[in-house]
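The block underneath contains the structure these notes are about, expressed in structure tokens.
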Amino acid sequence: MALKLKWNRDPSVPFPNVWKTFTAPGLDASKLQEYEIKEVTEDQFEEAFALYVKVYLPNEPMSAALGMMNDRNSVEWFKKYAFSSVKQKMGLACFDTSTGKIVGVNFLYVLRKDDERVSDQLRALVPSDTVLRTWFDTIFIRNGGIDLFSKYDVDKILGSVALAIDPDYTKRGIAKEILMARIPIGKAFGIRLTVSGFSSKYAIYIAQKLGYTFEQKITYKELAKLDPRFTPYNSLPDDCEYNTYQSFILN
Numbered sequence: 001m002a003l004k005l006k007w008n009r010d011p012s013v014p015f016p017n018v019w020k021t022f023t024a025p026g027l028d029a030s031k032l033q034e035y036e037i038k039e040v041t042e043d044q045f046e047e048a049f050a051l052y053v054k055v056y057l058p059n060e061p062m063s064a065a066l067g068m069m070n071d072r073n074s075v076e077w078f079k080k081y082a083f084s085s086v087k088q089k090m091g092l093a094c095f096d097t098s099t100g101k102i103v104g105v106n107f108l109y110v111l112r113k114d115d116e117r118v119s120d121q122l123r124a125l126v127p128s129d130t131v132l133r134t135w136f137d138t139i140f141i142r143n144g145g146i147d148l149f150s151k152y153d154v155d156k157i158l159g160s161v162a163l164a165i166d167p168d169y170t171k172r173g174i175a176k177e178i179l180m181a182r183i184p185i186g187k188a189f190g191i192r193l194t195v196s197g198f199s200s201k202y203a204i205y206i207a208q209k210l211g212y213t214f215e216q217k218i219t220y221k222e223l224a225k226l227d228p229r230f231t232p233y234n235s236l237p238d239d240c241e242y243n244t245y246q247s248f249i250l251n
């Protein structure tokens, strides 16, 4: 189910490329460790995707409320969707340089203005009886059909599949560093705008702190009223209040 995307990576840019390095506590919080953010290769995809299965799908508010992990077909379709990023050689990950272990993932992809809309592609590909389809339909409603290409006068947009951090490596600023890595990526490929959905309180906080702009913002209680399939969102705790769609000017 790889998305049909027309953008191809400039072969003059090394692959994989280290976009950012930083120092933060390692597994032993008393000792500093170097980390690097670079793309994953196809043979690293399984390790990277395992982090989505371990962290993102069980904990992302919509996925958790809908029970995504209990629908094997949805997990497999999500895997195919994530692989679209790797096919473009844009699957970003954070590595612990002392072990080579992947400790964070944020698979990216590049949309061109002349691409078929992602929402139309996914509606045609993802079976309507899967939890993943409900999850995607929620996102499409949240995004509100905004034409960001026209709004920001750009011909390319850097999109994102999902952000996940290994629980053993939280509270080290890794999510912030991964999001900041989009700036040199945008500069290297001539991409001026990035967009992402941020659905948890923590992710929304980080994005806002970095200067992201709200394009759409809706509460889960409001979403639950829009479609009978969305009623599980009423079960989310109070600290899961908003689902947001945010943009950031890269250069």
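In full-length UniProt numbering, the protein residues as written are 1 to 251.
Built from N, CA and C at the ideal position, the CB exists for glycine as well.
It should be emphasised that the depicted structure is a prediction, and the values quoted were computed from it without experimental measurement.
Taking only runs of the beta strand (DSSP E) that begin and end inside the stretch 94-171, which ones reach a length of at least 3 residues, in chain order? 101-112, 156-165
Please state the DSSP three-state secondary structure of Ser247. Position 247 of the sequence shown, counted from the first residue, corresponds to residue 247. Reduced to three states, the DSSP call for Ser247 is strand.
CB of Gln246 within 8 Å of CB of Ile146, strictly: Working through the sequence shown from its first residue, we reach residue 246 at position 246. Working through the sequence shown from its first residue, we reach residue 146 at position 146. Taking 8 Å as the Cβ cut-off, Gln246 and Ile146 do not qualify as a contacting pair.
Endpoints, the beta strand (DSSP E) within which Tyr212 is located: If you number the sequence shown from 1, residue 212 lands on position 212. Where Tyr212 is concerned, there is no enclosing beta strand (DSSP E), given that its DSSP letter is neither H nor E.
Could you say which of Ala203, Gly100, Leu122, Ala162 lies nearest to Leu108 if we only look at CA atoms? Within the sequence shown, numbered from 1, the residue matching residue 108 stands at position 108. Comparing Cα-Cα distances from Leu108 to each of Ala203, Gly100, Leu122, Ala162, the minimum goes to Ala162.
Among Ala188, Pro184, Gly211, which one has its Cα closest to the Cα of Ser196? For the purposes of this step, residue 196 is taken as residue 196 along the sequence shown, with counting starting at 1. Of Ala188, Pro184, Gly211, the residue nearest in Cα terms is Gly211.
Check whether the Cβ atoms of Ser84 and Leu3 sit closer than 8 Å, and answer yes or no. Here the question's residue 84 lines up with position 84 in the sequence shown. Here the question's residue 3 lines up with position 3 in the sequence shown. Yes. Within cutoff.
If we call anything under 8 Å between Cβ atoms a contact, is Thr130 one with Ser63? Counting from one through the sequence shown, the residue named residue 130 turns up at place 130. Counting from one through the sequence shown, the residue named residue 63 turns up at place 63. Not closer than 8 Å, so no.
Lys31 versus Thr170: straight-line alpha-carbon distance, rounded: Here residue 31 corresponds to residue number 31 of the sequence shown, with the count starting at 1. Here residue 170 corresponds to residue number 170 of the sequence shown, with the count starting at 1. Distance between the alpha carbons of Lys31 and Thr170: 15 Å.
Determine which residues share a DSSP beta bridge with Tyr52 and list them. Translated into positions along the sequence shown, residue 52 becomes position 52. Answer by DSSP bridge pairing: none, since Tyr52 is not bridged.
In terms of residues, what are the limits of the alpha helix (DSSP H) holding Ser63? Translated into the one-based positions of the sequence shown, residue 63 becomes position 63. Residues 61-66.
Does the Cβ of Pro61 have 16 or more other Cβ atoms within 10 Å, making it buried, or fewer, making it exposed? Working through the sequence shown from its first residue, we reach residue 61 at position 61. Its Cβ being crowded by 16 or more others within 10 Å, Pro61 is buried.
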